[in-house]
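Take 8 as the starting number for the sequence shown in my numbering and just add one per residue.
Positions of the beta carbon are idealized from the N, C-alpha and C atoms, including for glycine.
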Amino acid sequence: MQLSAVDLSPIPRGGTATDAYANTVDLATQAESLGFSRFWVAEHHGMGERIAGVAPEVLLGHLAGETDSIRIGSGAVLLNHYSPFKVAEQFGTLDALAPGRVDAGLGRANGPPAADDALETKRHVRDPDADHAAKIEAVVNHLYDAYPDGHAYSDLTIPASGDGPAVPWVLGSSPSSATIAGELGLRYCFAGFIRPQFAVHSFAEYRESFEASSIPGGVAQPEGMVAVNAVCAETDAAAARLRAVAEATYKRMERGELGTTPTVEEAIDELGGVPEPTPSTLDEDEWPRAISGSPSTIAGLLEQLADRVGVEEIMLQHVLPDHDDALRSHELIADGVGLTLP
8 MQLSAVDLSP IPRGGTATDA YANTVDLATQ AESLGFSRFW VAEHHGMGER
58 IAGVAPEVLL GHLAGETDSI RIGSGAVLLN HYSPFKVAEQ FGTLDALAPG
108 RVDAGLGRAN GPPAADDALE TKRHVRDPDA DHAAKIEAVV NHLYDAYPDG
158 HAYSDLTIPA SGDGPAVPWV LGSSPSSATI AGELGLRYCF AGFIRPQFAV
208 HSFAEYRESF EASSIPGGVA QPEGMVAVNA VCAETDAAAA RLRAVAEATY
258 KRMERGELGT TPTVEEAIDE LGGVPEPTPS TLDEDEWPRA ISGSPSTIAG
308 LLEQLADRVG VEEIMLQHVL PDHDDALRSH ELIADGVGLT LP
């Protein structure tokens, strides 16, 4: 099994965005040392006092200089906010800074209405799937200089290394994003920590709709990855205690409290107790939004989830207020799955 990670750059309690970015760098360099395949950073808007991950294209430029071999990328850059040409220019620049190891993770999401308005984003379009697919294809065409002669954009060029361009991925949490990835013949990453109930169906839709790519940057066969909220500690009980933070955070989100992260003690108090450990064997139709366990338990759980959707790579996401707990969790998971340096 391959492991990767995505980070939101949460601002630690009592800290600043500077602290959040330093933690992200720590996680990226640790992931590289542990043999992770890739490290992605996310994009969220309008919650800058709680989440510092607002500009993956900027943060990735910093990570390019702090890492040597691990792939780095966006999880995701939100295309509905931007011009495809500008996104391609940004990832061309990143490819030049980290030759041959940049992933252009392309997604979409609306934020708070005020943030979308400030970004001059149209919250409603006539055909959102067609619009998103067209933007993805445009980014890829710009990245790979693939517009045919005579096209209005055929003479536009972007910066590049000799080892790129950036590799495009379609990111999403619904069957519609899976269909877009399949029809374009691109790699697909499903956000299992957002809508786990759609994971199996989305990958089935991806494979059913897949067509060998007619655009550059695609793949001949379906290639996917699933992102999972997972936390690890020395024992199942200790890990369940840490998972309380994710469980309480999800309940806060249901109440409209976005971007806030309780301490472990606050989370346990809000939940009315420590959650039960995630069972080592999940029911056939069970896919928790967050899982926890000892290294051996987590390894088994990740294997089960990967097998259900037919992928060989898991992207780890976590909600942990303590940076040391996050680092230790990644270390233990890497040990549990027997990760080795390439």
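Among the options, which one has its Cα closest to the Cα of residue i?
{"i": "Ala297", "options": "Glu277, Pro328, Gly280, Thr256", "result": "Thr256"}
{"i": "Ala12", "options": "Gly179, Leu348, Pro328, Gln324", "result": "Gln324"}
{"i": "Gly199", "options": "Leu86, Gly231, Tyr89, Gly99", "result": "Gly231"}
{"i": "Leu278", "options": "Gly263, Ala122, Glu291, Glu254", "result": "Glu254"}
{"i": "Met260", "options": "Glu320, Ala306, Gly72, Val326", "result": "Val326"}
{"i": "Leu339", "options": "Asp329, Gln311, Ile305", "result": "Ile305"}
{"i": "Asp152", "options": "Arg57, Glu96, Val32", "result": "Glu96"}
{"i": "Gln37", "options": "Asp75, Leu86, Ile18", "result": "Asp75"}
{"i": "Leu150", "options": "Val94, Ser184, Arg57", "result": "Val94"}
{"i": "Trp47", "options": "Arg57, Glu56, Ala62", "result": "Ala62"}
{"i": "Ala227", "options": "Ile165, Gly192, Ile58", "result": "Gly192"}
{"i": "Thr22", "options": "Ala59, Ser181, Phe197", "result": "Note that residue 22 is Gly in the sequence shown here, rather than Thr. Of the candidates Ala59, Ser181, Phe197, the one whose C-alpha sits nearest the C-alpha of Gly22 is Ala59."}
{"i": "Asp110", "options": "Arg262, Glu310, Pro229, Val147", "result": "Val147"}
{"i": "Glu218", "options": "Ser90, Ala185, Val318", "result": "Ala185"}
{"i": "Ala244", "options": "Pro229, His139, Glu283", "result": "Glu283"}
{"i": "Phe92", "options": "Ser299, Gly72, Ile18, Ala145", "result": "Ala145"}
{"i": "Asp170", "options": "Gly266, Ser216, Arg108", "result": "Arg108"}
{"i": "Ser209", "options": "Gly266, Ser183, Ala246", "result": "Ser183"}
{"i": "Pro135", "options": "Tyr154, His88, Ile165", "result": "His88"}
{"i": "Asp19", "options": "Tyr195, Gly266, Ile165, Thr285", "result": "Just to set this straight, residue 19 is Pro in the shown sequence, not Asp. Here the closest residue by C-alpha is Gly266."}
{"i": "Tyr28", "options": "Glu39, Arg57, Ser44", "result": "Arg57"}
{"i": "His330", "options": "Ala341, Leu10, Asn30", "result": "Asn30"}
{"i": "Ser90", "options": "Leu113, Pro295, Ser44", "result": "Leu113"}
{"i": "Leu348", "options": "Arg133, Ala24, Arg45", "result": "Arg45"}
{"i": "Glu319", "options": "Pro295, Glu39, Cys196, Arg262", "result": "Cys196"}
{"i": "Phe205", "options": "Glu273, Asp156, Ala24, Pro295", "result": "Pro295"}
Would you mind giving the Cβ-Cβ distance between residue i and residue j, rounded to the nearest angstrom? I have them listed as a contact below 8 angstroms.
{"i": "Val238", "j": "Ser336", "result": "5 angstroms"}
{"i": "Arg315", "j": "Val207", "result": "6 angstroms"}
{"i": "Leu3", "j": "Leu249", "result": "This structure cannot speak to residue 3, because the chain is shown only from 8 to 349."}
{"i": "Leu15", "j": "Leu334", "result": "Between Leu334 and Leu15 the Cβ distance is about 15 angstroms, and since that is not below 8 angstroms, they are no contact."}
{"i": "Arg8", "j": "Ile321", "result": "In the sequence under discussion, the amino acid at residue 8 is Met, which differs from the Arg named in the question. 6 angstroms between Cβ atoms; contact."}
{"i": "Val252", "j": "Val271", "result": "6 angstroms"}
{"i": "Val233", "j": "Ala313", "result": "7 angstroms"}
{"i": "Lys142", "j": "Leu85", "result": "Incorrect: roughly 10 angstroms between the Cβ atoms, too far for contact."}
{"i": "Leu309", "j": "Val344", "result": "7 angstroms"}
{"i": "Ser216", "j": "Glu190", "result": "5 angstroms"}
{"i": "Ser301", "j": "Ala240", "result": "7 angstroms"}
{"i": "Pro229", "j": "Tyr213", "result": "6 angstroms"}
{"i": "Pro328", "j": "Thr268", "result": "5 angstroms"}
{"i": "His139", "j": "Ile201", "result": "Between Ile201 and His139 the Cβ distance is about 16 angstroms, and since that is not below 8 angstroms, they are no contact."}
{"i": "Ala341", "j": "Leu10", "result": "6 angstroms"}
{"i": "Glu73", "j": "Val32", "result": "5 angstroms"}
{"i": "Ser287", "j": "Gly317", "result": "Actually they are not in contact, since the Cβ atoms of Ser287 and Gly317 sit about 21 angstroms apart, beyond 8 angstroms."}
Would you give the residue range spanned by the beta strand (DSSP E) that residue i belongs to?
{"i": "Met232", "result": "231–239"}
{"i": "Asp102", "result": "Taken as a continuous stretch (DSSP letters only), Asp102 belongs to no beta strand (DSSP E), being part of the alpha helix (DSSP H) at 91–104."}
{"i": "Pro63", "result": "Element bounds for Pro63: not the beta strand (DSSP E) but the alpha helix (DSSP H), 63–73."}
Residue i CB to nearest chain D CB: under 8 angstroms?
{"i": "Leu265", "result": "You won't find chain D in this structure, because it holds only one protein chain."}
What are the partner residues of residue i, as DSSP defines its beta bridges?
{"i": "Ser299", "result": "Val238"}
{"i": "Gln324", "result": "Asn236"}
{"i": "Ile275", "result": "For Ile275, which the question treats as bridged, DSSP gives no partner whatsoever."}
{"i": "Trp47", "result": "Val13, Gly80"}
{"i": "Pro175", "result": "Ala111"}
{"i": "Leu85", "result": "Gly114"}
{"i": "Ile305", "result": "None, per the DSSP bridge assignment."}
{"i": "Leu58", "result": "Contrary to the premise, residue 58 reads as Ile rather than Leu in this sequence. According to DSSP, Ile58 bridges with Pro17."}
Note the first and the last residue of the continuous alpha helix (DSSP H) segment covering residue i.
{"i": "Arg335", "result": "330–343"}
{"i": "Phe200", "result": "Element bounds for Phe200: n/a, residue is neither H nor E."}
{"i": "Glu190", "result": "182–191"}
{"i": "Ile143", "result": "135–150"}
{"i": "Glu293", "result": "It is not in any alpha helix (DSSP H) - Glu293 carries neither H nor E in the DSSP assignment."}
{"i": "Gln37", "result": "24–41"}
{"i": "Lys129", "result": "Run containing Lys129: none; DSSP gives neither H nor E here."}
{"i": "Val252", "result": "243–261"}
Practice problem: Would you check if there are 3 or more beta carbon pairs closer than 8 angstroms linking the segment 117–124 to the segment 44–62? | Solution: yes
Quiz item: Do the segment 63–77 and the segment 102–115 touch if we need at least three Cβ pairs shorter than 8 angstroms?
Solution: yes
Quiz item: Can at least three beta-carbon pairs, one atom from the segment 158–172 and one from the segment 72–81, be found at a separation below 8 angstroms?
Solution: no
Self-check item: Meets three-Cβ-pair contact criterion under 8 angstroms: the segment 284–296 and the segment 223–230
Solution: no
Quiz item: Three or more beta-carbon pairs under 8 angstroms between the segment 120–131 and the segment 163–183, yes or no?
Solution: no
Quiz item: Using 8 angstroms as the Cβ pair cut-off and three pairs as the minimum, do the segment 129–137 and the segment 94–101 touch?
Solution: no
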